[in-house]
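Data block below; observations after.
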Amino acid sequence: MRIDALRGRFGVLLTLLWATGAALGADAVAGRAKAEVCAACHGADGNSTNPLVPSLAAQPPLYVYYQLLQFREQRRVDEQMTPFAAKLTDTNMKDIAAYYSAQKPLGADQPPDQARSEAGKTVAAGNHCASCHMPDFSGQKHIARIGGQQYQYLVKQLRGFKSGERPDIDGTMSSAAQPLSDQDITDVSWYLSGLR
Amino acid sequence: MVAYGPRIVLLAAASIAFVFVDATAQQPSTGATPAAASPAPAPAIPPTWAQGRKPEQEALNLSPHPPGLTALPLEEIPVDKIKVPEGFSVSVWASGIPNGRSMTFGKNGTLFVGTRFVDTVYAVVDRNGRREVKPILKGLHRPNGVAFRNGALYVAEVSRILRFDNIESSLDNPPQPVVVFDALPKDEAHGWKFMALGPDGWLYFQIGSPGNILIPPVTHAQIARVDPDRGVLETVAARVRNSVGMDFHPVTKELWFTNNGRDWMGDDAPNDTLHRVTHKGMNFGFPFCHQGDLLDDQFGKGRSCKEFDPPALKLGTHVAPLGMRFYTGQQFPPEYRNNIFIAEHGSWNRTRKLGFNVSRVVLDDHGQVVKYEPFATGFLQGESFWGRPVDVQVAPDGALLVSDDVAGAIYRIAYRR
Numbered sequence: 001m002r003i004d005a006l007r008g009r010f011g012v013l014l015t016l017l018w019a020t021g022a023a024l025g026a027d028a029v030a031g032r033a034k035a036e037v038c039a040a041c042h043g044a045d046g047n048s049t050n051p052l053v054p055s056l057a058a059q060p061p062l063y064v065y066y067q068l069l070q071f072r073e074q075r076r077v078d079e080q081m082t083p084f085a086a087k088l089t090d091t092n093m094k095d096i097a098a099y100y101s102a103q104k105p106l107g108a109d110q111p112p113d114q115a116r117s118e119a120g121k122t123v124a125a126g127n128h129c130a131s132c133h134m135p136d137f138s139g140q141k142h143i144a145r146i147g148g149q150q151y152q153y154l155v156k157q158l159r160g161f162k163s164g165e166r167p168d169i170d171g172t173m174s175s176a177a178q179p180l181s182d183q184d185i186t187d188v189s190w191y192l193s194g195l196r
Numbered sequence: 197m198v199a200y201g202p203r204i205v206l207l208a209a210a211s212i213a214f215v216f217v218d219a220t221a222q223q224p225s226t227g228a229t230p231a232a233a234s235p236a237p238a239p240a241i242p243p244t245w246a247q248g249r250k251p252e253q254e255a256l257n258l259s260p261h262p263p264g265l266t267a268l269p270l271e272e273i274p275v276d277k278i279k280v281p282e283g284f285s286v287s288v289w290a291s292g293i294p295n296g297r298s299m300t301f302g303k304n305g306t307l308f309v310g311t312r313f314v315d316t317v318y319a320v321v322d323r324n325g326r327r328e329v330k331p332i333l334k335g336l337h338r339p340n341g342v343a344f345r346n347g348a349l350y351v352a353e354v355s356r357i358l359r360f361d362n363i364e365s366s367l368d369n370p371p372q373p374v375v376v377f378d379a380l381p382k383d384e385a386h387g388w389k390f391m392a393l394g395p396d397g398w399l400y401f402q403i404g405s406p407g408n409i410l411i412p413p414v415t416h417a418q419i420a421r422v423d424p425d426r427g428v429l430e431t432v433a434a435r436v437r438n439s440v441g442m443d444f445h446p447v448t449k450e451l452w453f454t455n456n457g458r459d460w461m462g463d464d465a466p467n468d469t470l471h472r473v474t475h476k477g478m479n480f481g482f483p484f485c486h487q488g489d490l491l492d493d494q495f496g497k498g499r500s501c502k503e504f505d506p507p508a509l510k511l512g513t514h515v516a517p518l519g520m521r522f523y524t525g526q527q528f529p530p531e532y533r534n535n536i537f538i539a540e541h542g543s544w545n546r547t548r549k550l551g552f553n554v555s556r557v558v559l560d561d562h563g564q565v566v567k568y569e570p571f572a573t574g575f576l577q578g579e580s581f582w583g584r585p586v587d588v589q590v591a592p593d594g595a596l597l598v599s600d601d602v603a604g605a606i607y608r609i610a611y612r613r
């Protein structure tokens, strides 16, 4: 079973995620119904097929909860998301986050390009992305799963972190994005997007 | 080994200067076909918290706790878990304050509360025994530092100090800020400020090290002060890694401050520390020497801790001492007069958690520490924490207020009433 395989490799991490979910007091079953409105863009199971919309399947629950909070409090602004988040209570956010965290990630539909992936892998290693996003880029705590994420979405976020247009909670990503060239950004996004 | 040292130092300093000091600079494009003469791009450095981590420490799976961005509903705050000495009692004084951190009182009794992650400054107003929490300022960049002087609220962002005049009479419609100082470094790493008003009328704050362990630029890793009338900046004490709490002794007027030690030297090293500033020009040793007697495992080579001023007290490893105040109230028993209370946010870089409490330091008449003990505990239950103390503040009635940026609440510790 997938969970068991994960537990073997990332036992401590998984315990942490579960502890986080439990601490949130969230209800994934209730979250399924509450997330119906999200499905049109993010996919029914949180696997987006829209290049500019992020996949939410298997995201750490605290990541989804905190980003919804950022949208509601208008510390992160997006034409599509802001009106939805404005109406959400904390409980609804936690339930939605719990639902998506329990979905199976299918990865992005990324055509293979070995050279770009290799270049992007080098950028990821040189910029220590795994320090926070974890060695398999599955995210942790309040930090996003970026492996298998939509390519165009990743590029947009990284450009936004670099320019300051995309605020981040603690400044880590704005700092991390400063040394990246636009070539680095597209390469690393290509690499991450292609991960399963 | 000796010949290797300086090279490491130079490399580290160069990358710091590039990434942090001049964060707005654009790196030359590293496109697919760089010109042969192009210098190699500066190596990126890990996120602040991971700097200095040894490869074998990665398996520990330690990383900072998620920031507190929310507030527990009043009925869900387990305030009965907070344990205090006999004769004291604890209650929730105010709730619904997401990420509430540093506190300062206005002249008319308004409590101002700064934040690190939610761009907000709150005012807590007492209305007939009920506290009303108002977000009064929004859209600020990590407005962690707050101080009150001559009717004005001063707010320290990462790189600016702002002044809001006549704030207590305009809580519902605050004035546009006056920029008091805007030339502080813009580094995010340890860039949020704790700020305190000195008895000399200057505003005191830290400029933190822009990373866990590195040779900081001379502009960083210090306690600094600004004359709010003239906008003059001075260094108060040098080579301080990151202080997020300071106060002035009620009798001697000397500055005391807490300091957060480096990470990734193990569970039991180094200690976080309490410092006393007795004269100008003091140097507390970062990054060469920690806790007054422990050379850094990388930057300590060829140095001696005797070069530097020692701390007044070791507080424990990774306990994260943040806000501190001298107890100047009349409510607590006489032996508490001029004690120091310290809010310990609690450890992340340690396999067994430590801190997560409010501690008490007793000094003798010469300013020597005679006792250090826990005062309010219970935020940590086993290895799980439900709250994290950030700052302490003596209320006008002599009770002690404690802010908690995870529960989003302020507690009141009172004696016999």
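Chain order of the listed sequences is A and B. The first sequence begins at 1 in this note's numbering and counts up by one. The second sequence begins at 197 in this note's numbering and counts up by one. Glycine residues also receive a C-beta, built at the ideal position from the N, C-alpha and C atoms.
From the options, residue whose alpha carbon lies closest to that of residue i
i, options, result
"A/GLU118", "A/SER189, A/SER48, A/ALA35 and A/ILE96", "A/SER189"
"B/ASP587", "B/TRP460, B/ALA572 and B/LEU576", "B/ALA572"
"B/GLU540", "B/TYR532, B/ASN304 and B/LYS549", "B/LYS549"
"B/ASP468", "B/ASP561, B/ASP425 and B/ALA516", "B/ALA516"
"B/GLY302", "B/GLY264, B/ARG345 and B/PHE313", "B/ARG345"
"B/GLY477", "B/CYS501, B/LEU470, B/MET461 and B/ALA434", "B/ALA434"
"B/PRO413", "B/VAL374, B/LEU380 and B/HIS514", "B/LEU380"
"B/ALA420", "B/GLY407, B/ASN408, B/ILE409 and B/ARG437", "B/ARG437"
"B/PRO530", "B/LYS510, B/GLY551 and B/VAL558", "B/VAL558"
"B/GLY563", "B/GLU254, B/PRO269, B/ASP425 and B/TRP452", "B/TRP452"
Beta-carbon proximity list for residue i, same chain, < 8 Å, skipping 5 on both sides
i, result
"B/VAL309", "ILE293, GLY296, ARG297, SER298, MET299, VAL317, TYR318, ALA319, VAL320, VAL342, SER599 and ILE606"
"A/ALA23", "Because A/ALA23 sits at a pLDDT of 49, beneath the cut-off of 50, its placement in the model cannot be relied upon, and the following sentence gives the value as read from the coordinates. Taken in chain order, the list of residues that qualify is empty."
"B/TYR523", "TYR532, ARG533, ASN534, ASN535, ILE536, PHE537, VAL590 and LEU596"
"A/GLN59", "GLY46, ALA97, TYR100, SER101, GLY139, ALA144 and ARG145"
"B/ALA392", "ALA343, LEU399, TYR400, PHE401, MET442, ASP443 and PHE444"
"B/PRO281", "PHE571"
Per DSSP, cross-strand counterpart(s) of residue i
i, result
"B/PHE301", "B/LEU307"
"B/MET391", "B/PHE401"
"A/ALA146", "Correcting the residue identity first, residue 146 of chain A is Ile in this sequence and not Ala. In DSSP, A/ILE146 forms no bridge with anything."
"B/GLU328", "B/VAL321"
"B/MET461", "Its beta-bridge partners do not exist; DSSP assigns none."
"B/LYS279", "B/THR573"
"B/GLY341", "B/ALA352"
"B/GLY296", "B/THR311"
"B/CYS485", "B/LEU491"
"B/MET520", "B/ILE538"
"B/LEU333", "B/VAL317"
For residue j and residue i, the rounded distance between their alpha carbons
i, j, result
"A/LYS141", "A/THR49", "25 Å"
"A/ILE146", "A/ALA102", "16 Å"
"A/ALA108", "A/TYR153", "11 Å"
"A/TYR63", "B/TYR400", "35 Å"
"B/PRO373", "B/LYS382", "19 Å"
"B/GLY512", "B/LYS567", "14 Å"
"B/HIS337", "A/GLU36", "35 Å"
"A/ARG206", "B/VAL314", "Chain A is shown only over 1 to 196; residue 206 of chain A falls outside these bounds and no answer can be derived."
"A/VAL53", "B/LEU367", "40 Å"
"B/VAL354", "B/ASP378", "9 Å"
"B/CYS485", "B/SER500", "7 Å"
Residue i and residue j closer than 7 Å at C-beta
i, j, result
"B/PRO260", "A/SER131", "no"
"B/HIS386", "B/GLY397", "no"
"B/VAL286", "B/ILE278", "yes"
"B/PRO483", "B/ASP492", "yes"
"B/PRO466", "B/LEU490", "yes"
"B/GLY542", "B/PHE581", "yes"
"A/LEU201", "A/LEU88", "Summary: the structure shown does not reach residue 201 of chain A, with chain A confined to residues 1 through 196, and so no result is reported for it."
"B/LEU470", "B/ALA508", "yes"
"B/GLN545", "B/HIS514", "The displayed chain sequence assigns Asn, not Gln, to residue 545 of chain B. Yes, Cβ-Cβ distance for B/ASN545 and B/HIS514 is below 7 Å."
"A/PRO51", "A/GLN150", "yes"
"B/ARG356", "B/TYR350", "no"
"A/ALA85", "A/ARG75", "no"
Proximal residues to residue i (C-beta, below 6 Å), its chain only, five neighbours per side dropped
i, result
"B/ALA199", "At B/ALA199 the pLDDT is 35, less than 50, meaning the model places this residue with poor confidence and gives no usable figure here."
"B/GLY525", "VAL590 and GLY594"
"B/THR220", "Any reading at B/THR220 is ruled out, since the residue's pLDDT is 36, under 50, leaving its predicted position unreliable."
"B/ARG327", "ALA290 and VAL320"
"B/PHE284", "ILE609 and TYR611"
"B/PHE216", "Bear in mind that the predicted position of B/PHE216 carries a pLDDT of just 34, short of 50, making it unreliable; the figure below should be weighed with that in mind. Excluding sequence neighbours, B/PHE216 sits near ASP383 and PRO406."
Contacting residues, own chain, Cβ-Cβ under 7 Å from residue i (five flanking each side not counted)
i, result
"B/LEU256", "THR547"
"B/ASN479", "ALA434, ARG435, PHE504 and ASP505"
"B/VAL375", "ARG356 and LEU358"
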